[in-house]
Amino acid sequence: MADNQGRRFSCGIDFFHVPDLRVAVTSATEAGFDFVCTPISHPRCKREFIEGPARNRGGLFAVPDALLSGQEWSSSIVGKISPWILPDSVDEATRYNSEKALNQELSYASHLSLPAITVQLNGGSVARLASILNSYLNTSLGHQQVWIQVPLCATNNGNDAVRDTALEDPWGWWNTLRSMCSFHKRLGLVLEVTQALPTDVEIDRWFGEPIKCLSFPTSIFRTNKKGYPVLSRGHQEMAKRFFKLRIQSIVSGNCQDPTKGSNSYFQYLEHVHENQPPLDDYQKFVRGYGDYLQWPLQPLMDNLDSQTYEVFEKDPVKYARYEEAIYLALLDRIESNHNETYYGNGNNSIGFSVVMVLGAGRGPLVKATLRAGYSLQTKLTVYAIEKNPNAVITLQNLKAVEWGDQVTVVSTDMREWEPPCKADIIVSELLGSFGDNELSPECLDGAMKYLNEGGISIPSKYSSYLSPFSSSKLYNEVRDCREKDRHPLISFETPFVVHLHNVHIFSDPLECFSFSHPNSGSGSRSNDRYICLTYQSPSKDTVLTGFAGYFEAILYKNVTISTVPERHSEGMFSWFPIMFPLREPIYVKAESRIDVHFWRKSSASKVWYEWCVTNPYISGLHNPNGRSYTIGL
Ligand SMILES: C[S@@+](CC[C@H](N)C(=O)[O-])C[C@H]1O[C@@H](n2cnc3c(N)ncnc32)[C@H](O)[C@@H]1O
């Protein structure tokens, strides 16, 4: 069943011991469960490979494959690696035995084509386990996932005197293992909900990790007045936060009240899953785009297509803000009576304002300008300048059927245009997800020559912002972007536009580059920039995998648009964040300093960014000389 956010609730049941797998699968399906977690080998079948009573034991160590159909094995069964397998034990015999048994179970899981196997971690000594899993992940075929199971909170046996934070940090155990496995994309996580709740900082940190399931032991449930299992409010709220990541659930352990049956847990968790606030329009729009990488548009170098314009034009906020800004700018002009200085446009200039829409696309900002002029009952001469000849057809048609002589459509690059008069107001939207990455600074510099002295640019200023983040998912998405016959580093030196989802942004955004128009030193002041930003990492160790980029624009006076999370213009969906990846994840100790350097550089034909982390570890310079990614001028 789907929750009110369109996500289907999916839940498995985890059996410690399964005497009859066929019966277990049937009863789990009848109770509503989607899959069954079952030991790969018989729990009592502890194999011995060196010596001991079981050394020469014959018979089957696992259930035969013919018991279920191939379809059932590959869609309904998650195999559990035996918990007694300890490849990192201090005891050599246990280690040797464990390695053999682990390889045997992995081999059988592969034979059965199980969709996933789970491996329980109980501490941070995982080197040998990681080594075996790494070679399994890199040699086994198919899509089988390895889910590492860790508790949300580790217990320290109540002995604070010997408190060892490394021992108590399940994230640290997981981080060691997955780092040794180079963040393999088939490694996932099962988080085991514990009676004790983690702190908010600890929960936040998991949001950058590839969580597949939340496992609910029946022992953490309470019983309501009717005798049914329920979770404490704290557990419910935490579960709802994790459910936003579209993860599955697992119920593990014995039914506390057998008369209620295991489906009482299923139904309760389904209820918690469904009981979430409905999506607003913005959330509906972004659904399905989570962590999906897109190459940033290059509207200067390329011609946007009709569908792209159509999506822009559906934004309910952007054009309203522009209209408000144009309205206020016109009002100020009327009030300060600065409207008598135009020449050459054939009109009696007194009482007119000349507005030039630069990069008019299919005309929405021209319409916003006309609406603002109409509201103020002021006379306007509007120029719509557009370099995309396909969009110009739409503009010319609008002029013919709607706008008439009030609007002049000019099919040209704004940097080359020789206008018949100067503008009082120029209106443009050449802003990319990082503000300046669609080359608004360069285009508007080229247009400044036709803005009247004292004229207004909408936008008047825009700034980019950056936040460090951790995301195993995005790291793998970037790694997978590798193109045939191209250097594997290229994707790590390319900024991507992406709706951030399975991501932990761990520091507030800091301002990066700013541009103002008109720029007092226009033509002389370079649009190249450099900045070093310093962040403080959170109170828990984490892993830095990239930087999220946003922008904020002052359209006119106090009319702004923003994609910076805390100030995001509500309901505006024209821009997703941009992200700058790092070639290698960087381990960041709690409360330490992160220094990142960003450059905006240019040549006669292109603009590009370079970036480099120098603290806590030097990442190497990304995209030097624009070798992997440039924006064409
Ligand atoms: C991001 S789109 C915005 C289109 C439209 N104003 C809107 O809001 O839907 C930018 C537009 O500017 C045009 N453009 C970009 N650089 C230009 C330039 N140097 N001269 C003229 N048009 C340009 C592009 O072709 C594109 O139509």
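Just so we're aligned, residue 2 is where the sequence shown starts under the numbering used here, counting upward by one. Positions of the beta carbon are idealized from the N, C-alpha and C atoms, including for glycine. Just so we're clear, the structure is a prediction, and the values are computed from it rather than from any experiment.
Checklist line | Cα-Cα separation between residue 69 and residue 15, rounded to whole angstroms | finding: 18 Å
Note to self: According to DSSP, residue 12 sits in a beta bridge with which residue or residues?
What the structure shows: 250
Item checked: Extent of the continuous alpha helix (DSSP H) to which residue 189 belongs -> Here residue 189 belongs to no alpha helix (DSSP H); instead the beta strand (DSSP E) covers 188-193.
Checklist line | the region 551-569 / the region 485-495 touching (three or more Cβ pairs under 8 Å) | finding: no
Check: Hey, would you say residue 172 sits closer than 8 Å to residue 149, going by beta carbons?
Finding: no
Next item on the list: Note down the Cα distance separating residue 280 from residue 288, rounded to an integer number of angstroms.
Entry: 9 Å
Checklist line | Any non-hydrogen atom of ligand 1 closer than 7 Å to residue 327 Cβ | finding: no
Checklist line | Minimum C-alpha distance to residue 319 - residue among 170, 432, 538, 468 | finding: 432
Next item on the list: Thinking residue 670 and residue 243 are a contact (beta carbons under 8 Å), I'd like their distance in whole angstroms, please.
Entry: This structure gives no information on residue 670, because the portion of the chain shown stretches from 2 to 634.
Next item on the list: In the DSSP assignment, find the unbroken alpha helix (DSSP H) run with residue 243 in it and report its ends.
Entry: 234-244
Check: Are the beta-carbon atoms of residue 373 and residue 403 separated by less than 8 Å?
Finding: no
Note to self: Tell me the DSSP secondary structure of residue 528 in three-state form.
What the structure shows: coil
Margin query: Going residue by residue through the region 264-352, where are the continuous alpha helix (DSSP H) segments of at least 4 residues, counting only ones entirely within it?
Written below: 264-275, 282-287, 307-314, 319-337
Check: Helix, strand or coil: how does DSSP classify residue 546 here?
Finding: strand
Note to self: Which residues does DSSP list as the beta-bridge partners of residue 580?
What the structure shows: 497, 549
Item checked: Chain-order list of residues whose beta-carbon lies under 6 Å from that of residue 99 (same chain, five-residue window excluded) -> 86, 87, 88
Notebook entry, point to check: Bridge partners of residue 196, per DSSP?
Noted result: Paired residues: none, contrary to the question.
Check: DSSP on residue 145, reduced to helix/strand/coil?
Finding: coil
Item checked: Nearest-angstrom Cβ-Cβ length linking residue 202 and residue 540, presumed shorter than 8 Å -> 5 Å
Checklist line | Beta-bridge pairing of residue 600 - partner residues as DSSP gives them | finding: 531, 611
Check: Which whole-angstrom value is the C-beta distance of residue 552 and residue 466, which I expect to be below 8 Å?
Finding: 7 Å
Next item on the list: Answer yes or no: do residue 471 and residue 543 have a C-beta to C-beta separation smaller than 8 Å?
Entry: yes
Checklist line | Secondary structure of residue 454, DSSP reduced to three states | finding: strand
Check: Is the distance from the Cβ of residue 428 to the Cβ of residue 382 below 8 Å?
Finding: no
Next item on the list: Would you tell me roughly how many angstroms separate the C-alpha atoms of residue 507 and residue 75, rounded to the nearest one?
Entry: 37 Å
Checklist line | Anticipated Cβ contact below 8 Å, residue 424 with residue 312, distance rounded | finding: That pair is no contact at about 28 Å.
Margin query: Taking its Cβ as the centre, do 16 or more other Cβ atoms sit within 10 Å of residue 375, making it buried, or is it exposed?
Written below: exposed
Check: So does residue 389 have its beta carbon nearer than 7 Å to some heavy atom of ligand 1?
Finding: yes
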